[in-house]
Amino acid sequence: MPTNDLSNPPPQERARSEPYLPPATQPVRAVVWVIHLALPMLGLWLLLANHDDLNIEWHDNLSHFWLIIVVAGVNLVLGAMIGQASARRADARLLLVSLVFLSSAGFFLMHGLATPRIILAKGTYGFDLSQPIGLLVASVFAAVSALPLNERTAQAVLRSQIRLRGGLVALLVVWGVASLVPGLTALSSPAPPQGAGLGGFELAGVALYAVATTMMFRLHRRRPAAMLVSLVTAYALLAEAMIAGMSRHNWHLSWWLWHVLLTLAFVFVAYSAHLQFRREGSSAGLFDSVALSATVRKIRAEYEDALEELVGHIRRRAETKVPVATRLAGKFGLTEGQAAVLDRAGAALANERELSERLAALVDTGNQARVGLPERELLTRALDRVRQAYGDVRITLVSEGRVAMGSREYGPGDFPGNRPVLLDRTVVHPLTVKGQLAGALEVPVGRTPQDEALAATLASQLSISLENARLYRELSTLFRQYMSPDVANSLLADPRTAALGGELVELTALFADLKGFTSFSERATPAEIVEMLNRYHTAAVPIILGNGGTIVQFVGDALLALFNAPAPQPGHATAAARAALAMQEAAEEICAGTPGYPRFRIGINTGLALVGNIGSPELRGFNAMGDCVNVAARLEGVAEPGTVVIGQSTLDQITPRPRVRSLGELALKGKEKPVHAYVLSGLS
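If you want the numbering used here, it's the position in the sequence shown, counting the first as 1, plus 1.
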């Protein structure tokens, strides 16, 4: 049996929850990367294990000096570039990474200057210790740079950048003087033959580099970037360089190994920066991927603003004819080639945005085309929305067979085959209803390649909306002339409500007929009979509808109205009583003006009845059946002309208490038990 086990989600959920592995961190490439980093350590082990056979000595002071100077220079340039990025982005992580490279470059330079027979005659403590000290200082900056610094800490680091840079420069100056001035300190004195070390403190630097490598790798998994891979590799190589430097076999291959590792670490980052520069054509964003998350979000926001500005310039270019390069090249420092590329990209982006906005306007126009809206209100709503995306759109309806669009007029003959009329930068489409001209739509074109097609789609949609509005108006008028508004509204909203069947509902039934109608019909002409009936019904129908009733049938001089069906109606018994009394008042006015007219008698009863569509699949009608309705008809039969008779169940629900006169218990036809009835004379 399947369960929602969150600890063991299905494969699709695991695929969505697991982090994306970019190509550089996919399993196979990760293994290759680890093997490449492991090879130097394997080589170091082979050299140290076979000291006499493989770890041979190669003593070349001049080559060593120039190697160090060149690599230190590359490192110094990298540190300066990252420092500039830090200042431009106000990012603490970039500042700390720049200090990693600057401290390594500075102490690497001190190591090169202390090369024997360059400034000093022999190897010194300063020559042996410069690079381990530099790597140890750099490891501290590297570890801190890899931490997810919060905003408060990052601001504290940025406020301290002058002290950090100044302290590093002061440390390098002091170290240079102490190690390069003969006899000044112990750093300028000769070192032991096997070289000097930090006494195991190198391991602390190795641990810090390991932390920095791990944290940067985790950052790369969340935010894949080539520069982050470069830093991960560089930190790992610097850690290996510290391990190789602990061998203390000066001028042997194992000693040269850590020089090679340092060179690779710095050159690898420089090469990645070079590739990214060639790909992007600018150095502005080379190190953005290394920045803190807050800075990356800020950069993305700036890029979005730049794109918005670019799109705005593209749009204004269509009006001013000024190239984007002229507007943006100076502000963003773009070359002519870059501006041309952005011009094309921005034009494509602007076209896509225009298309998206216009399609959205089409969707909104369709959503606003509600059934039942008058056509002018429908078109006004559509016009307000469409103008936001299409510009100066105009809609005009036909009048006396013509459509006036400003100074121009159009007739059916101007749109042969319903084809549009093309003007200068505008197109006029006919709006049709049942194939006949109903109006015209004028839309600006020429801004995007899709303008004419979208204008045709808009015209088609507005024609459909207009035709639907008119069809609904016709149907609504017809329905409301032959049935109660509640029933008509229900059918128009959901035709399924016309299905045969019904449900049991508590309602109040009102029966009314004209007492004396038969004798009146015997002495009156058919025209007089119809006139009399229409006068009474014209007075009664608005009263019933105004009180929430539903008229379900006319039978000669009689009518049946229901309250609380089909639409729910609180206080339906009171509403029926109010309608009955108002009907009698209206009938009295009619009788007063035309002596000899029959008079209304009304019966009202409340109870359960089966309400629904009754008939056959071919012909049906909305009606109610049940004892409640039968009793209302019987009460109407015992009522005197001009009076309203109600049953006990209706009296119990009328609020406030009405004015009534009891008729006692009545034995009604079809009822085994008597019914207590009352003559209703008014409501309190």
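Cβ atoms here follow ideal geometry from the backbone N, Cα and C, with glycine treated the same way.
Name the two residues that bound the continuous alpha helix (DSSP H) containing residue i.
{"i": "Y126", "result": "126-146"}
{"i": "Q389", "result": "376-391"}
{"i": "T535", "result": "It is worth fixing the name first, because residue 535 is Asn in this sequence and not Thr. Element bounds for N535: 527-547."}
{"i": "L97", "result": "93-114"}
{"i": "S1", "result": "As shown, the chain starts at 2 and ends at 685. That puts residue 1 outside it, with no answer to give."}
{"i": "L563", "result": "Here L563 belongs to no alpha helix (DSSP H); instead the beta strand (DSSP E) covers 559-564."}
{"i": "I591", "result": "573-594"}
{"i": "F521", "result": "518-524"}
{"i": "R219", "result": "203-223"}
{"i": "V404", "result": "Unbroken run through V404 is the beta strand (DSSP E), 404-406; no alpha helix (DSSP H)."}
Excluding the five sequence neighbours on either side, which residues of its own chain have a C-beta within less than 6 Å of the C-beta of residue i, listed in chain order?
{"i": "L265", "result": "L238"}
{"i": "R388", "result": "V394"}
{"i": "T296", "result": "R90, D92"}
{"i": "Y411", "result": "V404, A441"}
{"i": "I655", "result": "A574, T575, A578"}
Nearest-angstrom Cα distance between residue i and residue j?
{"i": "A678", "j": "G627", "result": "18 Å"}
{"i": "I300", "j": "L379", "result": "44 Å"}
{"i": "L103", "j": "A302", "result": "30 Å"}
{"i": "M584", "j": "R658", "result": "20 Å"}
{"i": "A587", "j": "R409", "result": "55 Å"}
{"i": "A227", "j": "G84", "result": "19 Å"}
{"i": "T214", "j": "F142", "result": "12 Å"}
{"i": "A25", "j": "A192", "result": "Residue confidence is low: A25 scores 46 on pLDDT, short of 50, so the model does not pin down where it sits. Its coordinate-derived value is still stated next. If you take the alpha carbons of A25 and A192, they lie about 44 Å apart."}
{"i": "D365", "j": "G418", "result": "28 Å"}
{"i": "L95", "j": "R160", "result": "14 Å"}
{"i": "A211", "j": "M243", "result": "12 Å"}
{"i": "S190", "j": "V170", "result": "23 Å"}
{"i": "V207", "j": "L199", "result": "13 Å"}
{"i": "L684", "j": "V553", "result": "26 Å"}
{"i": "I545", "j": "G402", "result": "42 Å"}
{"i": "Q437", "j": "Q451", "result": "27 Å"}
{"i": "A147", "j": "S131", "result": "24 Å"}
{"i": "L472", "j": "I530", "result": "35 Å"}
{"i": "D558", "j": "G597", "result": "15 Å"}
{"i": "A106", "j": "L181", "result": "17 Å"}
{"i": "L220", "j": "D289", "result": "13 Å"}
{"i": "G608", "j": "N624", "result": "15 Å"}
{"i": "G572", "j": "N631", "result": "21 Å"}
{"i": "S87", "j": "G135", "result": "22 Å"}
{"i": "S400", "j": "E507", "result": "51 Å"}
{"i": "Q462", "j": "T381", "result": "14 Å"}
{"i": "P413", "j": "G367", "result": "26 Å"}
{"i": "I615", "j": "T551", "result": "16 Å"}
What residue from the options has the CA that sits closest to residue i's CA?
{"i": "V556", "options": "D514, A574, P375, L664", "result": "D514"}
{"i": "S231", "options": "P194, S248, Q277, H260", "result": "Q277"}
{"i": "L681", "options": "K674, P675, K672, P642", "result": "P642"}
{"i": "G671", "options": "I655, T651, R635", "result": "R635"}
{"i": "R662", "options": "K674, V175, G648, Q654", "result": "G648"}
{"i": "E470", "options": "T551, R536, E376", "result": "The displayed chain sequence assigns Ala, not Glu, to residue 470. Of the listed residues, the one whose Cα sits closest to A470 is E376."}
{"i": "Y537", "options": "R579, V145, E590", "result": "E590"}
{"i": "A73", "options": "H60, L511, V101", "result": "V101"}
{"i": "A633", "options": "P569, A439, A574, L511", "result": "L511"}
{"i": "H260", "options": "A361, P133, Q195, E305", "result": "P133"}
{"i": "R223", "options": "L293, S99, V98, A240", "result": "L293"}
{"i": "Y126", "options": "A139, G80, E637, H112", "result": "H112"}
{"i": "L114", "options": "D129, F66, A205", "result": "F66"}
Taking the beta strand (DSSP E) that residue i belongs to, which residues open and close that run?
{"i": "V399", "result": "Premise fails: V399 is in no beta strand (DSSP E) and is neither H nor E."}
{"i": "S663", "result": "660-667"}
{"i": "T427", "result": "427-434"}
{"i": "R602", "result": "600-616"}
{"i": "S161", "result": "Note, S161: premise wrong, no beta strand (DSSP E); not H, not E."}
{"i": "H677", "result": "676-683"}
{"i": "T551", "result": "551-556"}
{"i": "I647", "result": "645-648"}
{"i": "L442", "result": "437-445"}
Short of 8 Å in beta carbon distance, which residues of its chain neighbour residue i, apart from the five on each side in sequence? Order them along the chain.
{"i": "V639", "result": "G604, V646, L664, L667, L669, A678"}
{"i": "A235", "result": "A266, F267, F269, V270"}
{"i": "G594", "result": "none"}
{"i": "M217", "result": "A147, L229, L232, V233, Y236"}
Which residues in the same chain as residue i place their Cβ atom closer than 7 Å to its Cβ, once the five residues preceding and following it in sequence are excluded?
{"i": "E355", "result": "R448, T449"}
{"i": "V75", "result": "F267, V268, A271"}
{"i": "F202", "result": "L137"}
{"i": "P23", "result": "Below a pLDDT of 50, predicted positions are generally treated as unreliable, and P23, at 45, falls in that range; the measurement from the model is reported next regardless. If we look at P23 and ignore the five residues flanking it on each side, its Cβ neighbours are P225."}
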